[in-house]
Amino acid sequence: MIRSIENTAHYNWGNNCAGWHLLKSDSLGVIQERMPPGTTEQLHYHTKAQQVFYILSGTATFEINGQHYIVEANESIQVLQKSLHCIANQQPVDLNFLVISAPHSHGDRVEIVDYCEDLKPAIKTLNYEWLEKYFRVEPGDVIALSDPAKEIIEKGGVIFYAKMNGEIVGTASLLKKTATVFELGKMAVTESAQGYGIGKALITHCVNVSKQLSIERLILYSNTILTTAIHLYKSVGFVEVALEPGLYERANIKMEKYL
26 MIRSIENTAH YNWGNNCAGW HLLKSDSLGV IQERMPPGTT EQLHYHTKAQ
76 QVFYILSGTA TFEINGQHYI VEANESIQVL QKSLHCIANQ QPVDLNFLVI
126 SAPHSHGDRV EIVDYCEDLK PAIKTLNYEW LEKYFRVEPG DVIALSDPAK
176 EIIEKGGVIF YAKMNGEIVG TASLLKKTAT VFELGKMAVT ESAQGYGIGK
226 ALITHCVNVS KQLSIERLIL YSNTILTTAI HLYKSVGFVE VALEPGLYER
276 ANIKMEKYL
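In terms of the working numbering, the sequence shown opens at residue 26 and continues consecutively.
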């Protein structure tokens with residue numbers, strides 16, 4: 026069947042953006058999309074699908090793993106699986122493009138979203154889950170997680186969440202220590218969502234944002250019984266340093282990463 030935007034399934038997304046499924050199969054997806062001026066896609070990644078974006082008209086601005094790219098009409102760009110990315114239209118005219126996904130990307134999407142008051146309970150729920158499983162909730166945890174806006178954001182920090190299938194499944198924060206040193210903390214991924222690369226995506230995003238904020242060094246505190254977490258921290262460039270006593274009862278290792 027010959028397909029066009031005139032005879033295929035249509036949907037709306039984002040802020041007045043539109044898409045048309047030209048092909049939707051288990052192994053391949055082809056979508057034509059239109060983004061009005063000033064619109065931006067939510068930062069996200071796909072756990073299985075790699076994609077190629079081909080620009081039909083307009084100019085696209087991509088963020089891919091913290092790097093920015095300008096893609097003009099009749100040009101394309103590839104996005105590998107598990108790469109954090111989003112597309113934006115920063116021009117005064119519509120942006121039209123094809124996005125080709127192999128396998129299809131519907132249902133295969135993890136978004137990274139900023140903190141808002143509606144999501145306030147999630148940081149407490151997610152962190153209590155792993156703290157109660159492995160250690161205990163310490164008094165400092167109770168204070169920070171009960172009022173994250175006051176204890177983290179108003180003190181110069183930031184909080185991010187991971188959303189999968191419409192549910193908040195992970196979180197990570199940057200806690201301000203000094204003007205140039207922040208702690209990567211309050212990290213958690215609910216057990217049912219582990220194995221999708223969510224922890225690494227949250228840490229990667231925190232590192233990318235830290236660079237944008239001109240933060241010079243990230244530190245974190247953990248425990249060596251959390252072997253998977255320690256391996257993850259090392260894989261993104263954190264190294265062990267001397268641990269000062271007294272911050273967290275459960276911490277027996279401190280790591281840092283210079284940016």
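Here a beta-carbon is modelled for each residue, glycine too, at the ideal position from N, C-alpha and C.
When beta bridges are read from the DSSP output, Y94 appears opposite F87. In the DSSP secondary-structure assignment, E136 is bridged to H69 and K188.
When DSSP reads this structure, K49 sits in a beta bridge with G54.
P270 counts as exposed, since fewer than 16 other beta carbons sit within 10 angstroms of its beta carbon.
Between T196 and I148, the gap from beta carbon to beta carbon is short of 7 Å. In the DSSP annotation of this structure, the continuous segment of the alpha helix (DSSP H) that includes G165 starts and ends at P164 to S171.
Under DSSP, R242 shares a beta bridge with V206 and Y283. With respect to the 7 Å criterion, A113 and T86 are classified as neighbours on the basis of their beta carbons.
Contact check between the segment 143 to 162 and the segment 86 to 99: fewer than three CB pairs, one atom from each, fall below 8 Å, which does not count as touching. E163 is a Cβ neighbour of E274, given a cutoff of 7 Å. Taking the Cα of A43 as reference, the smallest distance to any Cα among P128, V124, G224 and T205 is reached at V124. Taking the C-beta atoms as reference points, Y246 is found no nearer than 7 Å to I184.
Going by C-alpha positions, N32 is about 56 Å away from K202. Secondary structure of V104 (DSSP, three-state): strand.
For G191 and I137, the gap between their C-alpha atoms comes out near 12 Å. For H131, there is no enclosing alpha helix (DSSP H), as DSSP marks it with neither H nor E.
The beta-bridge partner set that DSSP reports for L81 is empty.
Of the residues assessed, G182 falls on the buried side of the cut-off, its CB having 16 or more other CB atoms within 10 angstroms. Taking all protein chains shown into account, P173 has 16 or more neighbouring C-beta atoms within 10 Å of its C-beta and is therefore buried. Spanning the alpha carbons of M280 and F263 requires a straight line of approximately 6 Å. Pairing V135 with A74, the inter-Cα distance amounts to about 12 Å. Counting only the Cα atoms, Q116 lies some 38 Å from L257.
Straight through space, the alpha carbons of N121 and I80 are spaced by roughly 6 Å. Within its own chain, the residues whose Cβ lies closer than 6 Å to the Cβ of V194, once the five positions on either side in sequence are excluded, are A187, T215 and A218, listed in chain order. The alpha carbon of A276 has as its nearest neighbour, out of L284, V266 and M26, the alpha carbon of V266. For the 7 Å CB-CB criterion, N37 and T64 do not form a contact.
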